[in-house]
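Input: a single structure, listed below in structure tokens.
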Amino acid sequence: MKQIIIGTAGHIDHGKTSIVKKLTGVNTDILRNEIARGMTIDLGFAFMSNEITIIDVPGHEKFIRNMVAGVNSIDIGLLVVSADDGIMPQTKEHFDILSYLKIPYGIVALNKIDLVDDEDWLNLIEHDIRRLLKNSFMENAPIIRVSTKNNFGIEKLKKNINLISKQNFNKKDRGFFRLPVDRAFSLKGFGTIATGSVSSGKITVGKNIQILPVGVQSKIRGMQTHKKEVKTIKIGERVAINLSNIDKENIKRGSQIIEEGYVKNSQLFLAEITLNKKNKRFIKNNQRLRIHINTDEVLCRVQLINKSKKILAGETNKVLIKLEKEIPIIIDDLFILRFYSPQETIGGGKVLITIPQNEKKIYFKNLKTIHSSNKDNRLKMLFTLYKNNPKKISEWIKIWNMSSNKIKELFNQFDSVYFGSEENNYVTLNSEIQNQQKEYLDYLSINLENNKNQKYFSKAEVFKNLNYNESLFNYITSILVKKNKIKIKNGKITLFNYKLNLNPQDEKNLKKLNLIIKSYNFSPPEIKILSKEIDIDFKKLIDLLFILLDQGSVVRITNDIWINNNKIEELKNKIKLKYQNNLEFTVSDIKEMAGISRKYAIPILEFFDKQNFTIRFNNIRKLK
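For the sequence shown, the working numbering assigns the number 89 to the initial residue and increments by one for each residue that follows.
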């Protein structure tokens with residue numbers, strides 16, 4: 089069953105609450121001082137039917153913050169104008185707020201017509217209303233003449249509301265539960281109750297949730313909608329939620345009840361704002377303003393990111409907004425901006441991207457490329473921003489505020505690539521992977537060209553210089569190995585078909601080194617001693633050793649022990665011959681067989697273990 093939420097709007101004392109009472113039979117002025125003063129201070133709630141909820145908002149300029157909290161999630165704006173007063177300051181301000189929050193539909197109640205006998209005056213007021221609504225979402229909204237005193241037009245107003253409520257509202261569901269709280273209170277025998285309108289997803293009784301911005305965990309004990317107990321609620325519904333194990337101090341208007349893992353608190357975000365063209369004031373760089381977002385009100389600073397020093401009335405600009413406290417914000421959240429003092433609505437806007445505090449520098453460097461109003465373009469630009477340090481799916485969920493399934497659907501539109509383990513599932517663009525393969529090969533080619541006597545580079549060195557994160561580096565490396573573009577030996581990398589052209593002196597040293605290693609059998613000296621014996625520097629010796637390794641002349645037992653390959657094969661054959669048929673042997677047996685000390689016998693056997701030639705059981709070994 090589709091539920092529709094209507095929010096009233098209009099100047100103080102134009103009869104919003106009286107109209108709600110006529111439509112629902114409920115007086116939403118529930119606070120004693122509201123009834124005594126004859127005006128609405130906070131939000132009131134009433135049900136017109138099982139499908140339609142009405143939120144009655146205050147009209148006084150002092151309580152705009154309450155008004156914005158109430159209309160943030162409505163489907164239909166009910167703009168109330170008194171026939172005797174006509175359009176007043178809060179009529180205009182409330183209408184602007186409805187426009188900035190992109191409320192899809194609207195209807196006008198021209199109230200108190202019993203106070204006006206002049207038809208020409210009523211026509212003039214209707215004309216003024218049409219001028220106000222021109223070129224807006226309410227341009228073609230019906231204007232219904234009503235009187236709450238004699239019930240004139242009330243049935244016609246109901247009929248029009250019911251007609252509009254049958255429209256398709258296309259509410260955007262992000263795939264996870266989110267409810268901005270507009271009221272929270274304690275009820276004896278129940279505990280903490282929070283109310284609000286579900287802006288995304290669905291949830292059932294018994295589910296665990298998170299309260300942001302405090303980050304406290306809780307569980308849904310029970311739920312009511314339209315005064316009925318329910319097990320499940322979904323997007324677009326008004327609900328009262330009974331929460332377990334949470335103090336009222338941890339939840340209030342402005343808090344959000346959210347499924348854990350989808351939203352994080354933010355203090356800085358990129359936004360697109362539009363200033364009211366009717367307002368003659370402007371915004372200066374770093375000006376302090378009030379921002380009303382979801383059901384919260386926060387002080388903020390607005391920083392201009394273009395070269396202009398101010399934003400004028402009617403202009404639309406991209407800005408950075410820094411809040412004075414962290415709150416839960418997601419991409420595409422709509423908000424209202426008001427001056428700090430005097431409090432006056434100046435414009436509205438939309439969140440484009442939230443910016444993590446620990447990644448401010450990389451975002452600030454790329455603001456000009458990521459501030460596109462088009463969401464798909466922004467996502468592609470963020471992919472590029474993170475090309476060397478791709479994000480996991482779980483991280484993208486919090487950046488883009490979508491469920492795993494929905495965000496994968498979005499990624500798949502961009503020819504995305506997934507890699508890593510199931511727990512650490514990274515995603516990036518296929519085009520970036522192609523570019524990075526070329527970058528990787530170019531790096532090797534250039535460095536091989538600049539180091540003609542060096543065939544291999546350590547994996548750690550390549551990793552450091554390419555500046556990829558470890559998962560991406562391993563993924564690109566595996567692709568290039570499979571494509572026979574590179575090869576890896578003992579942690580060293582080179583191009584697959586690269587052939588080293590040594591100068592005569594290096595050729596001479598290479599032959600000398602090979603003969604010396606062979607002459608030491610299984611007990612070669614440390615490579616620092618080899619370096620002195622051949623009279624070449626240490627780095628050059630390492631390069632020559634890896635050339636011999638690549639040629640198959642030597643085996644690297646450890647970083648410091650290099651043995652002639654033929655000698656190692658001879659030893660393996662002796663071991664196979666003597667200890668076949670599952671016979672056991674020890675380090676001492678190999679010491680005696682090869683005529684070497686434990687210093688060499690132990691690392692040689694450990695090398696055989698790694699090769700799966702032998703297998704160790706405590707202090708004994710067998711052939712594998």
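Where is the CB? At the ideal position from N, CA and C, for every residue including glycine.
Note that the coordinates shown come from a computational prediction; the quantities given were computed from them, not determined experimentally.
Excluding residues up to 5 positions away in sequence, D648 lie with their Cβ nearer than 7 Å to the Cβ of E614 in the same chain. Distances from the CA of V439 to each of S354, F452 and S619 were compared; the closest alpha carbon is that of S354. Proximity of the segment 277-290 to the segment 193-201 falls short of the contact definition, fewer than three beta-carbon pairs being nearer than 8 Å.
Taking a contact to require three or more Cβ pairs closer than 8 Å, the segment 250-266 and the segment 183-197 qualify as touching. Rounded to the nearest whole angstrom, the CA to CA distance from N115 to D384 is 25 Å.
Counted as a single uninterrupted DSSP element, the beta strand (DSSP E) harbouring T283 occupies residues G279 to S285. Setting aside the 5 residues that flank it on each side, F561 is surrounded in the same chain by F551 and L554, each with a C-beta closer than 7 Å to its C-beta; the list follows chain order.
Comparing alpha carbon positions, the residue from K710, E227 and Y350 closest to L267 is Y350. In the three-state reduction of the DSSP assignment, R466 falls in the helix class, which pools H, G and I. DSSP lists E385 and I424 as the beta-bridge partner residues of H380. A residue is called buried when at least 16 other Cβ atoms come within 10 angstroms of its Cβ; H215 does not meet this threshold and is exposed. When the five nearest sequence neighbours on each side are left out, the beta carbons in the same chain lying within less than 8 Å of the beta carbon of F626 are those of I615, K616 and S619, in order along the chain. In the structure shown, the three-state DSSP call for Q312 is strand. Proximity to T179 across I162, I213 and E207 peaks at I213, based on C-alpha coordinates. By the criterion of a C-beta distance shorter than 8 Å, K710 is surrounded in its chain by Y667, N670, L671, E672, F673, T702 and I703, once the five residues flanking it on both sides are discounted.
For Q445, there is no enclosing beta strand (DSSP E), as DSSP marks it with neither H nor E.
Burial check for G402: the Cβ neighbour count within 10 Å stays below 16, so the residue is exposed. One thing to note: I399 has its Cβ no nearer than 7 Å to the Cβ of L377. Residue pairing of P612 in beta bridges, as defined by DSSP: absent, with no partner found.
For K600, the enclosing alpha helix (DSSP H) stretches over residues P592 to S607. Taking 7 Å as the cut-off, the Cβ atoms of M311 and V304 do not count as close. Contact annotation: S332 and R309 have beta-carbon atoms nearer than 7 Å. By the 16-neighbour rule on beta-carbons within 10 angstroms, A359 is buried. DSSP places I94 in the uninterrupted beta strand (DSSP E) bounded by I92 to A97. Per DSSP, reduced to three states, the secondary structure at F551 is helical. Restricted to the segment 618-660, the alpha helix (DSSP H) segments that are unbroken, complete and at least 4 residues in length are 626-639, listed in chain order. From the listed residues F264, F183, L300 and E657, the smallest Cα separation to R218 is found for F183.
Judged by DSSP in its simplified three-state form, F273 adopts strand. Close CB contacts of D261 within its chain, under the 8 Å cut and outside five residues either way in sequence, are with S288, G289 and I323 (chain order). Note: K494 is not bridge-paired with any residue in the DSSP secondary-structure output. Partner residues in the beta bridge of V515, as assigned by DSSP, are K479 and Y506. Beta-bridge analysis with DSSP links L198 to V169 and R233. Annotation: I635 to L455 spans about 48 Å, alpha carbon to alpha carbon.
Here DSSP, grouped into helix, strand and coil, assigns V327 to strand. S491 and F264 have their alpha carbons spaced roughly 6 Å apart.
Note on T457: under 16 other CB atoms within 10 angstroms of its CB, so exposed under the neighbour-count rule.
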